[in-house]
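Numbering (the working numbering), first residue to last: 45 to 341. The C-beta atom is built at its ideal place from N, Cα and C for all residues, glycine as well. In this text the structure is predicted, and so the values were computed from the model without any measurement.
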Amino acid sequence: MAFRDILLAVLVAAIWGFNFVVIKEGLDAFPPLLFSGLRFLFAAFPAVFFLRRGSLGWSTLLKVGLVLGVVKYALLYLGVKAGVPAGLSSLVLQSQVIFTTVLSAYLLKDSPSPWQRVGMGVALLGMVLIATTRQGDVSGLGLALVIAAAVAWSFANILIKKASVDTFKLMVWMSVVPPLPLFVLSFLFEDGQTEALSRLMTVKGAGAVLYTGLLATILAFGIWGHLMRKYSPNVVAPFSLLVPLFGMACSSLVLAERLSPVAMGAALLVFAGLVLIVLGRRPLRLASPASVPVIKG
């Protein structure tokens, strides 16, 4: 892998990792469902006018848009708002790799290797420790919502795998789907939308929406898609393991979030498990592109 492309892969991981800090800050300006809808509104427009849909079917776009765009992000934003620190949410959300591996085994007949099974056990142990030894500022409800978001993400991963389409093009066009359902849900269950929309004129409000919509979605997925087309997914996918590292480091530096020694040990267990799951086939055989779980922000 060329050094320039290595830097690009690290840059994408940094953008996705810092995205959790931006989400945490953005939730001070916008209600969760409204914020999520605004993210996809700015991700979809005007990008769809410059990128042709091509062979992407509306059935695929609707399925992925609803599961990934509406369910996953609504649950994530609600979980962070409920009281899950940004750094911890960046790690817990990656449990989607565990769920994706399990679903792949049952739905795609892609059985995990022994190393991946060990990784799943290690990561699950870390998740249990996080849930049972969480600090007072970590909401149990919020943690459950972030894990539910990871489950929704795993189902979306299966839909994307079965569709076998250009991921960047899919992300741009599926972003057309979530805004309307999310805005309707916000209207039904949230308050203060008018005041919140006025914050789009502030640096914090506009920055949060533009970062999550343009940088974390359009730019980052554009670079990632370019690298995936240029190199084997086995070469590119491991860089996504940097996402929770950047997420936890940025939240510590910017938001002054701290984990207890026990929580830090649990986080290391989760990360070690993710490493084994993502790279677990390599000690046995070269993984096929479809068998590599994807970690993003």
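Could you compute how far the alpha carbon of residue i sits from the alpha carbon of residue j?
i, j, result
"F84", "Y255", "11 Å"
"A334", "K205", "In this prediction, A334 has a pLDDT of 42, which is less than 50 and means its spatial position is unreliable; what the coordinates show is noted afterwards. The straight-line gap from Cα to Cα measures roughly 7 Å."
"R329", "E234", "With a pLDDT of 41 at R329, under the threshold of 50, the modelled position of that residue is not reliable, and the figure given next carries that caveat. Approximately 50 Å, taken between the alpha carbons."
"A281", "L232", "39 Å"
"P76", "L224", "14 Å"
"L297", "F62", "11 Å"
"P342", "G291", "Residue 342 is absent from the model: the chain starts at 45 and stops at 341."
"I59", "K153", "33 Å"
"G81", "P222", "6 Å"
For residue i, is the classification buried or exposed, using 16 other Cβ atoms within 10 angstroms of its Cβ as the cut-off for buried?
i, result
"F265", "buried"
"Y150", "exposed"
"K68", "buried"
"S242", "exposed"
"L185", "exposed"
"V115", "buried"
"G236", "exposed"
"K213", "buried"
"M308", "exposed"
"T144", "buried"
"A46", "exposed"
"M245", "exposed"
"V220", "buried"
"L380", "Because the chain is modelled from 45 through 341, residue 380 falls outside the range shown and cannot be assessed."
Could you spell out where the alpha helix (DSSP H) holding residue i opens and where it closes?
i, result
"G266", "A264 to K274"
"A316", "P305 to L323"
"G220", "At residue 220 the sequence reads Val, which differs from the Gly that was named. Counting along the chain, V220 falls outside any alpha helix (DSSP H), and DSSP gives it neither H nor E."
"Y117", "Y117 to A126"
"F290", "L286 to V298"
"A196", "G184 to A207"
"D49", "F47 to G70"
"F86", "P76 to A88"
"M164", "P158 to T176"
"V141", "Q140 to L151"
"G249", "V247 to L254"
Taking only beta-carbon positions, decide if residue i is within less than 9 Å of chain C.
i, result
"V108", "Within the model displayed, chain C is absent; a lone protein chain is all it includes."
Since residue i and residue j are thought to touch, with beta carbons under 8 Å apart, how far apart are those beta carbons, to the nearest angstrom?
i, j, result
"F86", "G249", "Not a contact, Cβ separation roughly 12 Å."
"G70", "A252", "3 Å"
"V216", "L95", "5 Å"
Query raised in the report: Counting Cβ pairs closer than 8 Å, one from the segment 260-276 and one from the segment 81-97, do we hit at least three?
Result: yes
Query raised in the report: Hey, is the segment 125-133 in contact with the segment 158-167, meaning 3+ C-beta pairs nearer than 8 Å?
Result: no
**Report entry** Three CB pairs or more closer than 8 Å across the segment 103-114 and the segment 270-287
**Finding:** no
Query raised in the report: Is there contact here, the segment 301-313 with the segment 142-160, by at least three beta-carbon pairs under 8 Å?
Result: no
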